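>
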Amino acid sequence: MSETTSAAEVAAPHRYTAALAADIEARWQDFWEAAGTYEAPNPKGDLAGDPELVAKPKKFIMDMFPYPSGAGLHVGHPLGFIATDVYARHLRMTGHNVLHTLGFDAFGLPAEQYAVQTGTHPRVSTEANIVNMRRQLRRLGLGHDLRRSVETIDPAYYKWTQWIFVQIFNSWYDTDAKKARPIADLVAQFESGERATPDGRPWSALSAVERAEVLGEYRLAYASDAPVNWCPGLGTVLANEEVTAEGRSERGNFPVFKAKLRQWNMRITAYGDRLLEDLDGLDWPEAIKLQQRNWIGRSEGARVDFPVGDDKITIFTTRQDTLFGATYMVLAPEHELVSGERSIVPDAWPEGTHEVWTGGYGTPAEAVAAYRKQAAAKSDVERQAEAKDKTGVFTGAYATNPVSGERVPVFIADYVLMGYGTGAIMAVPAHDSRDFAFARAFELPMRCVVEPSDGRGQDPATWDDAFDSYEAKIVNSSGADIAGADISLDGLTVPEAKVKITEWLSANGIGEGTVNFRLRDWLFSRQRYWGEPFPIVYDEDGVAHALPESMLPLELPEVDDYSPRTFDPDDADTQPETPLSRNEDWVNVELDLGDGPKKYRRETNTMPNWAGSCWYEMRYTDPHNDTALVDPEIEQYWMGPREGQPSGGVDLYVGGQEHAVLHLLYARFWSKVLHDLGHIASSEPFHKLYNQGMIQAFVYRDSRGIAVPAAEVEEHDGAYYYQGEKVSRVLGKMGKSLKNAVTPDEICAEYGADTLRLYEMAMGPLDVSRPWDTRAVVGQYRLLQRLWRNVVDEATGEVTVVDAEPDEDTLRALHKAIDGVNQDLANLRFNTAIAKVTELNNHLTKTGGPVARTVAERLVLLVAPLAPHIAEELWRKLGHQDSVVHQDFPVADPAYVVDETVTCVVQIKGKVKARLEVAPSITEADLEAAALADPAVVAALGGAGIRKVIVRAPKLVNIVPA
Numbered sequence: 003m004s005e006t007t008s009a010a011e012v013a014a015p016h017r018y019t020a021a022l023a024a025d026i027e028a029r030w031q032d033f034w035e036a037a038g039t040y041e042a043p044n045p046k047g048d049l050a051g052d053p054e055l056v057a058k059p060k061k062f063i064m065d066m067f068p069y070p071s072g073a074g075l076h077v078g079h080p081l082g083f084i085a086t087d088v089y090a091r092h093l094r095m096t097g098h099n100v101l102h103t104l105g106f107d108a109f110g111l112p113a114e115q116y117a118v119q120t121g122t123h124p125r126v127s128t129e130a131n132i133v134n135m136r137r138q139l140r141r142l143g144l145g146h147d148l149r150r151s152v153e154t155i156d157p158a159y160y161k162w163t164q165w166i167f168v169q170i171f172n173s174w175y176d177t178d179a180k181k182a183r184p185i186a187d188l189v190a191q192f193e194s195g196e197r198a199t200p201d202g203r204p205w206s207a208l209s210a211v212e213r214a215e216v217l218g219e220y221r222l223a224y225a226s227d228a229p230v231n232w233c234p235g236l237g238t239v240l241a242n243e244e245v246t247a248e249g250r251s252e253r254g255n256f257p258v259f260k261a262k263l264r265q266w267n268m269r270i271t272a273y274g275d276r277l278l279e280d281l282d283g284l285d286w287p288e289a290i291k292l293q294q295r296n297w298i299g300r301s302e303g304a305r306v307d308f309p310v311g312d313d314k315i316t317i318f319t320t321r322q323d324t325l326f327g328a329t330y331m332v333l334a335p336e337h338e339l340v341s342g343e344r345s346i347v348p349d350a351w352p353e354g355t356h357e358v359w360t361g362g363y364g365t366p367a368e369a370v371a372a373y374r375k376q377a378a379a380k381s382d383v384e385r386q387a388e389a390k391d392k393t394g395v396f397t398g399a400y401a402t403n404p405v406s407g408e409r410v411p412v413f414i415a416d417y418v419l420m421g422y423g424t425g426a427i428m429a430v431p432a433h434d435s436r437d438f439a440f441a442r443a444f445e446l447p448m449r450c451v452v453e454p455s456d457g458r459g460q461d462p463a464t465w466d467d468a469f470d471s472y473e474a475k476i477v478n479s480s481g482a483d484i485a486g487a488d489i490s491l492d493g494l495t496v497p498e499a500k501v502k503i504t505e506w507l508s509a510n511g512i513g514e515g516t517v518n519f520r521l522r523d524w525l526f527s528r529q530r531y532w533g534e535p536f537p538i539v540y541d542e543d544g545v546a547h548a549l550p551e552s553m554l555p556l557e558l559p560e561v562d563d564y565s566p567r568t569f570d571p572d573d574a575d576t577q578p579e580t581p582l583s584r585n586e587d588w589v590n591v592e593l594d595l596g597d598g599p600k601k602y603r604r605e606t607n608t609m610p611n612w613a614g615s616c617w618y619e620m621r622y623t624d625p626h627n628d629t630a631l632v633d634p635e636i637e638q639y640w641m642g643p644r645e646g647q648p649s650g651g652v653d654l655y656v657g658g659q660e661h662a663v664l665h666l667l668y669a670r671f672w673s674k675v676l677h678d679l680g681h682i683a684s685s686e687p688f689h690k691l692y693n694q695g696m697i698q699a700f701v702y703r704d705s706r707g708i709a710v711p712a713a714e715v716e717e718h719d720g721a722y723y724y725q726g727e728k729v730s731r732v733l734g735k736m737g738k739s740l741k742n743a744v745t746p747d748e749i750c751a752e753y754g755a756d757t758l759r760l761y762e763m764a765m766g767p768l769d770v771s772r773p774w775d776t777r778a779v780v781g782q783y784r785l786l787q788r789l790w791r792n793v794v795d796e797a798t799g800e801v802t803v804v805d806a807e808p809d810e811d812t813l814r815a816l817h818k819a820i821d822g823v824n825q826d827l828a829n830l831r832f833n834t835a836i837a838k839v840t841e842l843n844n845h846l847t848k849t850g851g852p853v854a855r856t857v858a859e860r861l862v863l864l865v866a867p868l869a870p871h872i873a874e875e876l877w878r879k880l881g882h883q884d885s886v887v888h889q890d891f892p893v894a895d896p897a898y899v900v901d902e903t904v905t906c907v908v909q910i911k912g913k914v915k916a917r918l919e920v921a922p923s924i925t926e927a928d929l930e931a932a933a934l935a936d937p938a939v940v941a942a943l944g945g946a947g948i949r950k951v952i953v954r955a956p957k958l959v960n961i962v963p964a
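Structure below.
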């Protein structure tokens, strides 16, 4: 006997151990891959297959795209992957054609930064990471159709990402038709005169540059000078989600500034109403729908023009009823009226300017410039936070209130953002808390125009805060406007006043009723190397042209330096220099775009890492198509609208809540554009969304707050120590940086993949976060060992099942388990399904003796979706030559699901006096009679009368004596 061979293993050489599990799992993984077990046939094309399988009901199951991290997987990552695999396996066994695969969202900043640090091409490191992740995922026994897997960095894939961009670029949103249409249709309207050009000239009279500018105001993908988050320390523009609340870059912690740069945008705001309305038809968690609604932020109000000099300030307000109360205006520091050609900032302070308005500067220009620089150093989150001290500065300009005719000072302040509304507000300090605080800080006038209902009176000078109400009446709101037209809102309710003033504004050409969205157009440019190149070139006049499909994919060129040029982190007065711009041979090209060879300059920004994940569900359905994004018939089969799914989409999409807004919103937008243009039948990408919880782990930190290796921490008397030093313990995320990561490889080596699968599914409800405990994994390992023993003799390896009829108790246990597990798996209740399997397995173990073949086979089928490797092995040992994957899931016999008898508790004055065994279908009258006739009840009553009998058939009778 060797030192590593235990006595138990000698006595039971065929026991289910980690070594045996590893052998079984490797063999079956090889078998599945060689046999194409999980290949789902398409109705046509290169992946067409068995017509009988295609004719079955289809199910398309998806996980959110993983990023191939260099650190590989820890045990928290596969939670959703295992869950969708269990669900997909159950669907296959219940008669469905199931598409389930997994690709990789492989562009992104981490690989680029690794390339900068090491000189390794991002593709090399990314592909190595993908190989490692594929190995880890394969070891888990995930039933993916490997033929359909995609990688966003594959030129054959991003050819179609670029193609989609071209479709969006060549489209506009027709507000009358409420859909996207080809830009050629819009050009035709301009050419025919059906639609007038902005200045009224004929379309033929416009130059190519002028036409491009006009169309740019309509295109769904357009370039503009946009306010962006510029990070000199990283040398790139950042999306809002990449900026911390402190106004610093999430990666590197560098200062981030607001700057105006020429950037590509997606006009997602055109779809604001549809993105809201179509949420109603989706089977998503209400919390996620609410987050999307809040992000879109639809509000109805009015656009109003305030004259200022020879120009005007246009504002959007939802409280147009309070126009008479507007006593000053505020512009965002980035507003075009405070810099450039349209600047309203005068050379000197107007006579009598209040000193507190000037910020201590000698001229308005100095004050505005200093404040703009200060505001540029703040993130939008910081600017919108409720600050104790309000900041701002007077521009030196006055506007005119269009309803009262009064002059109102125009300020700039950082609490007004360019991205919402028009970047300008009318301030009604008596009825808005932020305006009230600003007015108090700068000693600005206030006017009460909504009658307070709390007895405070109508003089705001005596108030401690603003009065905001939709229930009160309008006051102090009548007079002649700037054109001399009379208007009065006095005595009206807020809703009545809104309607009247909106009609009046429209009739007098001062404004109109309109809808606004919090949602901003999607900033789509990144100053990085590792992303999809834009399929855009610029001619010598600077006009953008889309590349034809024949020139796609436009592949990333080689560059000597992958990093964008970085600057002093605090130098806001800098401009991006992208890696692609340094390859002049690639940037400057001669192309024939249909009108002869001409010189062009390529776009040198790249697309954001969101781009590839906006449409990957479509590519999964038809991954090898090199002539179309997706074959219409195939997309219709897997994703088209059907009963209960009016917008179509994937049947189940599982992922974390962190993608509640951006990824899902962007993917929905692309689907709607492609649907409008006739490329796909579905108008929503994901019909059902499910957010799995997070697997957490304890984080241990020393006195410096630095994480220490969790595996090396020791517990003594309720305290925790690392190398003799006491450390703190909190429950948090699992990760390499927190030194608490456990890899699936470790667990698979010690127990096997089936044990890991069971443990992750048994930890609790799938949508609830739960702490990882390696010590608890052994419980599921023992379940599999007992399952094995119920079929296989550990000493001989022979199958022990018998061809005998099971007893009635076993049949009841079996069919109850079948019924419960079937329902649980169909509803993603994997923890309770495992509990029912455990209960049945324990019943068989306690019964003793060999298990009946009919019971053993159905037990194996019950386990198959959860622990597929051991199920395959036992199924083969039971004499079957085909895979368990496509076997029919057991069906419960209703006669055995319902208990023959149930226990009814009889109480008198709330105390149990008897227990009766009764039929589950017993009537309340029969149950009452049986309870009152029971000897124990008769004795307990002792001849006393009965005031009331409460019956809850079949389990409770409560008797109240007189």
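All you need for this note's numbering is the position in the sequence shown, starting with 1, plus 2. All residues carry an ideal CB built from backbone N, CA and C; glycine is no exception. On a predicted model such as this, the values are computed, not experimentally measured, just so you know.
Tell me whether S471 is buried or exposed, calling it buried when 16 or more other Cβ atoms sit within 10 Å of its Cβ.
By the neighbour-count rule (16 or more Cβ atoms within 10 Å), S471 is not buried but exposed.
> Quick test of your reading: L93 and E762, contact by CB under 8 Å. State the CB separation rounded to the nearest angstrom.
Not quite, the Cβ-Cβ distance comes to about 19 Å (not below 8 Å), so this is no contact.
> So, helix, strand or coil for E5, using DSSP?
Reliability of the predicted coordinates at E5 is poor, the pLDDT of 37 falling under 50, and no value is obtained from them.
> So, at 8 Å on beta carbons, what are the nonlocal neighbours of E5 in its own chain, with the 5 sequence-adjacent residues on each side left out?
Any reading at E5 needs caution, since the residue's pLDDT is 37, under 50, leaving its predicted position unreliable; the model's value is listed next. So no residue of the chain qualifies.
> Could you check what DSSP says for W877 in three-state terms: helix, strand or coil?
Of the three classes helix, strand and coil, the one that applies to W877 here is helix, per DSSP.
> Hey, out of V780, A854 and E557, whose CA is closest to L813's CA?
With distances taken between Cα atoms, L813 lies closest to A854.
> For A764, which of Y531, Q909 and Q782 has the nearest alpha-carbon?
Nearest C-alpha to A764: Q782.
> Comparing C-alpha positions only, which one of G354, A369, G327 and T329 sits nearest to V340?
Closest option to V340, Cα to Cα, is A369.
> Can you check whether the CB of L281 is closer than 8 Å to the CB of Q973?
With the chain represented from 3 up to 964, any question about residue 973 goes unanswered, as that position is not in the structure.
> Using three-state DSSP, classify V545 as helix, strand or coil.
Looking at V545 - three-state DSSP - the assignment turns out to be coil, as it is neither helix nor strand.
> Does the beta-carbon distance from V77 to T757 come in below 8 Å?
Not in contact: V77 and T757 (Cβ atoms no closer than 8 Å).
> Please confirm if the region 61-73 is in contact with the region 103-123, defined as three or more CB-CB distances below 8 Å between the two stretches.
The answer is yes - the region 103-123 touches the region 61-73, with three or more Cβ pairs under 8 Å.
> Nearest CA to the CA of W34: which residue from A931, V959, E874 and P896?
Ranking the options by Cα distance to W34, first place goes to E874.
> Using a Cβ-Cβ distance cut-off of 8 Å, determine whether V545 contacts chain D.
Absent here is chain D; the protein component of the structure consists of one chain.
> Go through its chain and collect everything with a Cβ distance to T903's Cβ below 7 Å, but skip five positions before and after it.
Cβ within range, chain order: E919, V920 and A921.
> Based on Cα-Cα distance, which residue from G327, D32, P404 and Y618 lies nearest to D437?
When only C-alpha atoms are compared, the closest one is G327.
> Compare the beta carbon distance of E114 and R530 with 8 Å and say whether it is the shorter of the two.
Yes, Cβ-Cβ distance for E114 and R530 is below 8 Å.
> Roughly how many angstroms separate the alpha carbons of G254 and Y273, rounded to a whole number?
Their Cα atoms are separated by approximately 35 Å.
> By a C-beta neighbour count over all protein chains shown, 10 Å radius and 16 as the cutoff for buried, is D147 buried or exposed?
Classification for D147: buried.
> For the region 878-964, which segments carrying the alpha helix (DSSP H) assignment without a break, of at least 4 residues, lie completely within its bounds, in sequence order?
Entirely contained in the region 878-964, the alpha helix (DSSP H) runs reaching 4 residues are, in chain order, 896-899, 926-935 and 937-943.
> Kindly give me the distance between the Cβ atoms of T424 and F256, rounded to whole angstroms, as I take these residues to be in contact under 8 Å.
About 31 Å separates the two Cβ atoms, so there is no contact after all.
> For T324, does the count of other Cβ atoms within 10 angstroms reach 16, so buried, or fall short, so exposed?
When all chains shown are included, T324 counts as buried.
> Tell me the residue span of the beta strand (DSSP E) that contains F519.
Run containing F519: G513 to F519, per the beta strand (DSSP E) assignment.
> By DSSP, does G1002 sit in helix, in strand, or in coil?
Residue 1002 is absent from the model: the chain starts at 3 and stops at 964.
> Count the CB pairs spanning the region 828-839 and the region 795-811 that are closer than 8 Å, and state whether there are at least three.
Taking 8 Å as the limit for Cβ pairs, the verdict is that the region 795-811 does not touch the region 828-839.
> Is the beta carbon of K262 less than 8 Å from the beta carbon of D313?
In this structure, D313 does not lie closer than 8 Å to K262 by Cβ.
> Do you know offhand how far R300's Cα is from Y422's?
Using only the alpha carbons, I get a separation of about 11 Å.
> Rounded to the nearest angstrom, what separates G515 and V410 at their Cα positions?
If I take the Cα positions, the gap works out to 23 Å.
> Starting from the Cα of P578, find the closest Cα among P447, N231 and C750 and give me that residue.
Ranking P447, N231 and C750 by Cα distance to P578 puts N231 first.
> Can you tell which of Y564, G642, E727 and K911 has its C-alpha closest to the C-alpha of G121?
That would be Y564, whose Cα lies nearest to the Cα of G121.
> Under 8 Å between the Cβ atoms of V347 and A399?
Closer than 8 Å, so yes.
> Assign R321 to buried or exposed, taking buried as 16 or more other Cβ atoms, counted over all protein chains shown, within 10 Å of its Cβ.
So R321 ends up on the buried side.
> Unbroken alpha helix (DSSP H) runs of length 4 or more, entirely within the region 773-853: which are they?
Qualifying alpha helix (DSSP H) stretches, in chain order: 780-791, 810-828 and 832-849.
> Within this structure, are the beta carbons of F526 and T402 separated by less than 8 Å?
Taking 8 Å as the Cβ cut-off, F526 and T402 do not qualify as a contacting pair.
> Specify whether the region 214-222 and the region 237-250 touch according to this definition: at least 3 beta carbon pairs, one from each stretch, less than 8 Å apart.
The region 214-222, when compared against the region 237-250, does not touch it at the 8 Å Cβ threshold.
> Distance check for P124 and T7, CA to CA, integer angstroms please.
Its pLDDT being 46, under 50, T7 is placed unreliably in this model, and the value from its coordinates should be taken loosely. Answer to the nearest angstrom: the Cα atoms are 46 Å apart.
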